[in-house]
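Read through the structure below, which is laid out as structure tokens, and then see the notes.
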Amino acid sequence: MTKPRILFMGTPAFALPALQMLHNSSYPIIAVVTQPDRPAGRGQKEVAPPVKLLAQKFGLPVLQPPKVKDPSFLETVYQLKPEMIVVAAYGQILPKAIIDFPPLRCLNIHPSLLPKYRGAAPINWAIIRGETKTGVTIMHMDEGMDSGDILLQQETAIDAAENYGQLHDRLASQGAALLIAAIGRMSAGTALRKPQDESGVIFAPRLKKETGRINWSSHAGDIVNLIRGLSPEPAAYTTLEGKTLKIFTASAGNDDVKDTPGTIGEQTDRGLAVAAADGHVLLKEIQLAGKRRMSVDDFLRGHRLNPKTILG
999 MTKPRILFMG TPAFALPALQ MLHNSSYPII AVVTQPDRPA GRGQKEVAPP
1049 VKLLAQKFGL PVLQPPKVKD PSFLETVYQL KPEMIVVAAY GQILPKAIID
1099 FPPLRCLNIH PSLLPKYRGA APINWAIIRG ETKTGVTIMH MDEGMDSGDI
1149 LLQQETAIDA AENYGQLHDR LASQGAALLI AAIGRMSAGT ALRKPQDESG
1199 VIFAPRLKKE TGRINWSSHA GDIVNLIRGL SPEPAAYTTL EGKTLKIFTA
1249 SAGNDDVKDT PGTIGEQTDR GLAVAAADGH VLLKEIQLAG KRRMSVDDFL
1299 RGHRLNPKTI LG
């Protein structure tokens, strides 16, 4: 079976295992399309996307159009004549002119069990909303937002202590392997397309700064899910003595609580207790503005807290 000529489109670290596996499997990758370099960090220096760096390592041509709808980029795609386009967290919605062009169409790796969690942040929201399972979907792209027909899906359990970063890496690898299987079926003409059930759609909107603000009047389990779903970045946060306090690791203790939500309690071997609506949230790893990330034990060695301090 002849392997199709592939145009790969992706930008962040999530797309790296897919590009790596396509390269390792000797698929003819005719070019890699990624977002333009962006200013980042305190110095606001131009930083290349992770996919660009890996593509350069493999000696692949790299394209960085500001907008994929630009006629000049469309002409480039037509000249490359890809037989298939593979998309993994590229960052722009593709126009119909690109989606319909390759004979084997466009495949997308989406880290959820579609139709659940369509949108920009499916991994984060699955954890934040307390899901116990998720997965990856290889989708036959259309013009909608993650609304195309399903080619393959694979489910995975979400561990109760797993955070966004850990689940992200697992799903990226899982999605890469599933992609290779889907391409094989597409190439052989054996792929079956299943329309998504629109009654089951759940959206996973782009994260905003306010998303990470902890409401200590919430249930302890919900607060811990928020912390897990945003760790290690962008991180859930509260305020301590007027400064932003990021929280990376915590657990829930469903014991009796009489203090005002947000009140700091005792330091235990499980973490620093903070009152919530129905128990305590036990903080384990934190970062105060201007300081490094550290364990609560290390933080308390150098920071004296006033009794009954209230966070938020």
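Heads up: the sequence shown at position 56 corresponds to 1054 in the working numbering, and the numbers run straight through without jumps.
All C-beta atoms in this analysis are idealised placements derived from N, C-alpha and C, irrespective of residue type, glycine included.
Note that the structure is predicted; figures quoted are calculated from it, not measured.
Assignment of beta-bridge partners to residue 1131 by DSSP yields 1155.
Look at residue 1273 here: in three-state DSSP terms it is strand. For residue 1246, the enclosing beta strand (DSSP E) covers residues 1241-1251. In the three-state reduction of the DSSP assignment, residue 1005 falls in the strand class. The C-beta of residue 1076 has fewer than 16 other C-beta atoms within 10 Å across all chains shown, which makes the residue exposed. Of the other Cβ atoms in all chains shown, fewer than 16 fall within 10 Å of the Cβ of residue 1301; this residue is therefore exposed. At a Cβ-Cβ threshold of 8 Å, residue 1107 and residue 1179 do not count as neighbours.
In this structure, residue 1038 lies near residue 1045, with their beta-carbon atoms less than 8 Å apart. Of all C-beta pairs linking the stretch 1113-1123 to the stretch 1198-1211, three or more are shorter than 8 Å, placing the two stretches in contact. Residue nearest to residue 1172 within the set 1155, 1093, 1141 is 1155 (criterion: CA-CA distance). For residue 1036, the enclosing beta strand (DSSP E) starts and ends at 1036-1038. Remark: fewer than three beta-carbon pairs, one from each stretch, lie closer than 8 Å, so the stretch 1231-1240 and the stretch 1134-1150 are not flagged as touching. Around the beta carbon of residue 1110, 16 or more other beta carbons lie within 10 angstroms, which makes this residue buried.
Bounds of the alpha helix (DSSP H) holding residue 1218 are 1218-1227. For residue 1082, the enclosing beta strand (DSSP E) has its first and last residue at 1082-1086. Inclusion of residue 1105 and residue 1134 in the CB contact set at 8 Å is not warranted, their separation being larger than that value.
Residue 1263 sits close to residue 1257, with the two beta carbons spaced by under 8 Å. When secondary structure is reduced to three states using DSSP, residue 1293 falls in the strand class. In this structure, residue 1059 sits away from residue 1082, with a CB-CB distance that is not shorter than 8 Å. Beta-bridge pairing by DSSP links residue 1265 to 1270. When secondary structure is reduced to three states using DSSP, residue 1236 falls in the strand class. The beta carbon of residue 1216 sits closer than 7 Å to the beta carbons of 1274, 1275 from its chain, once the five residues preceding and following it are set aside; these are given in chain order.
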